Amino acid sequence: MRRERPLSGILNINKPSGLTSHDVVDRIRRITGMRKVGHAGTLDPLATGVLLVCVGKATRVVQFLMRSPKVYRARIRLGVSTDTYDAEGQVVRSVPEVSVTREEVEEALEAFKGVIEQVPPMYSAIKVGGKRLYELARQGKEIPRQPRKVEIYRLELLEWDKPFLTLEVECSPGTYIRSLAHDIGEKLGCGACLAELIRLRSGHFTLEDAVMLEEVEEAGKAGKLRKLLHPIDAALVDFPAITLEPGEEKRIRTGQKVRGSIPENGQGLHRAYSFDGRFLALVEWDAEAKMWQPKMVFI
860 MRRERPLSGI LNINKPSGLT SHDVVDRIRR ITGMRKVGHA GTLDPLATGV
910 LLVCVGKATR VVQFLMRSPK VYRARIRLGV STDTYDAEGQ VVRSVPEVSV
960 TREEVEEALE AFKGVIEQVP PMYSAIKVGG KRLYELARQG KEIPRQPRKV
1010 EIYRLELLEW DKPFLTLEVE CSPGTYIRSL AHDIGEKLGC GACLAELIRL
1060 RSGHFTLEDA VMLEEVEEAG KAGKLRKLLH PIDAALVDFP AITLEPGEEK
1110 RIRTGQKVRG SIPENGQGLH RAYSFDGRFL ALVEWDAEAK MWQPKMVFI
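In terms of the numbering used here, the sequence shown is residues 860 to 1158.
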């Protein structure tokens, strides 16, 4: 009897509100019966939308998925500031009436487009001195945080329903939408916090293609989980692809350099496929040896 190969691939989950990203990973571990499961990019419990969960060998490409740009839809409440920068925190400031206009909001948004410096919120998983910021925040401590450079590629006002505004944000990885909401409120002088957040896209993975946790559970019970898994190389489509000659697969498996054509797309990582179209490895051209050096083997 042929032994079924272990699951490997990427699940595009539509995370429900109220669960942490780690909660989702735990659910997938229970459904799959596998320990080797990880997510690529944290979503706060309040947030919903695209959460990429890697299973089996796909956990090795988490780093590439996390580097991808993200797209969010954010609903922001003006006039209320909280310690967490979102609606789940303790109110630290409020104004009885928000007097800003749509024109003033649009003008303020211009300051947040392009490369900006952003101070991470105290309630975040960033480590300072060996402790996560949220651990210090829960102890009532607030410490200075170094600003980080992030990039806002697109910032569009979709809806203005005072005191709420809805934005669509396309941004670099590492951008805190809670901090963006807080900073917009400070810019307008009335304060603000994040009321709702949906991640619409992470890299090439979209909300339209995401599945609910219930669907994953049903597929697991029916033995059809593989149908929901995106292949590992779906995380690597931004790298150029090469096809190796027949017979090179054995060398790839053992981490040996393999022959192939000189890259047309410059240096850097390439996806390597077998002659019959199977994804084998990430490789890099060794100009001196004129061979491809395996950097990450998946077969």
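We treat Cβ as the ideally placed atom computed from N, Cα and C, and that holds for glycine.
What you are looking at is a predicted structure, and each value in this text was computed from that prediction instead of being measured.
Give the secondary structure of residue i by DSSP, where H, G and I count as helix, E and B as strand, and everything else as coil.
i, result
"glutamine 1243", "Lying outside 860 to 1158, the shown extent of the chain, residue 1243 is not represented and no answer is given."
"arginine 1112", "helix"
"glutamine 1005", "coil"
"glycine 1082", "coil"
"methionine 860", "A caution first: methionine 860 carries a pLDDT of 41, below 50, which makes its placement in the model too unreliable to give a value."
"lysine 986", "strand"
"threonine 960", "coil"
"aspartate 903", "coil"
"aspartate 1145", "strand"
"aspartate 1135", "coil"
"leucine 968", "helix"
"isoleucine 935", "strand"
"leucine 1087", "helix"
"arginine 1118", "coil"
"glutamate 1107", "coil"
"leucine 1072", "helix"
"glutamate 1123", "coil"
Suppose you measure from the CA of residue i to the CA of residue j; what does that come to, to the nearest Å?
i, j, result
"alanine 970", "leucine 1047", "11 Å"
"glycine 1062", "alanine 1148", "34 Å"
"glycine 1119", "tyrosine 1012", "38 Å"
"proline 904", "isoleucine 1091", "27 Å"
"leucine 1072", "isoleucine 1121", "44 Å"
"methionine 1150", "valine 883", "42 Å"
"leucine 1017", "serine 880", "27 Å"
"phenylalanine 1098", "lysine 1154", "13 Å"
"aspartate 945", "lysine 1021", "17 Å"
"valine 959", "glycine 1044", "10 Å"
"glycine 1033", "serine 867", "26 Å"
"arginine 1060", "glutamate 1029", "9 Å"
"cysteine 1052", "lysine 1083", "41 Å"
"isoleucine 887", "alanine 1140", "26 Å"
"alanine 1078", "glutamate 956", "50 Å"
"tyrosine 1132", "glutamine 1152", "14 Å"
"glycine 892", "arginine 919", "19 Å"
"glycine 877", "glycine 1136", "41 Å"
"threonine 901", "lysine 929", "12 Å"
"glycine 1127", "glutamate 1143", "6 Å"
"isoleucine 872", "proline 980", "26 Å"
"aspartate 1145", "methionine 925", "27 Å"
"tryptophan 1019", "arginine 936", "11 Å"
"tyrosine 1035", "serine 927", "15 Å"
"alanine 1054", "histidine 1089", "32 Å"
"threonine 1113", "alanine 984", "38 Å"
"valine 912", "isoleucine 869", "6 Å"
"isoleucine 1158", "lysine 895", "17 Å"
"arginine 961", "glycine 938", "14 Å"
"arginine 1004", "valine 909", "28 Å"
"methionine 860", "alanine 933", "Legend: pLDDT at methionine 860 = 41, less than 50; position of this residue unreliable, value from coordinates given subsequently. Near 52 Å, if we compare the C-alpha coordinates of alanine 933 and methionine 860."
"phenylalanine 1023", "glycine 1050", "12 Å"
List the residues that DSSP assigns as beta-bridge partners of residue i.
i, result
"threonine 1065", "Arg1060"
"alanine 1100", "Arg1130"
"valine 1159", "Residue 1159 lies beyond the range of the chain shown here (860 to 1158); nothing can be said about it."
"serine 940", "Arg952"
"glycine 1033", "Beta-bridge pairing links glycine 1033 to no other residue."
"glutamate 1010", "Val974"
"valine 909", "Asn873"
"alanine 1140", "Ala1131, Val1156"
"arginine 991", "Lys986"
"leucine 1053", "Ile935, Asp945"
"leucine 1016", "Leu1026"
Can you tell me where the beta strand (DSSP E) with residue i in it begins and where it stops?
i, result
"alanine 1040", "Taken as a continuous stretch (DSSP letters only), alanine 1040 belongs to no beta strand (DSSP E), being part of the alpha helix (DSSP H) at 1036 to 1047."
"threonine 891", "Where threonine 891 is concerned, there is no enclosing beta strand (DSSP E), although the alpha helix (DSSP H) it sits in stretches over 880 to 891."
"methionine 1150", "1150 to 1156"
"serine 975", "According to the sequence provided, residue 975 is isoleucine. The question's serine does not apply to it. Segment 973 to 977, the beta strand (DSSP E) holding isoleucine 975."
"valine 1028", "1023 to 1030"
Taking residue i as part of the alpha helix (DSSP H), name the residues at either end of that continuous run.
i, result
"valine 921", "921 to 925"
Can you tell me whether residue i sits near the ligand GDP, meaning its C-beta is under 7 Å from at least one heavy atom of the ligand?
i, result
"glutamate 1108", "Although the ligand GDP was asked about, the structure shown includes no ligands whatsoever."
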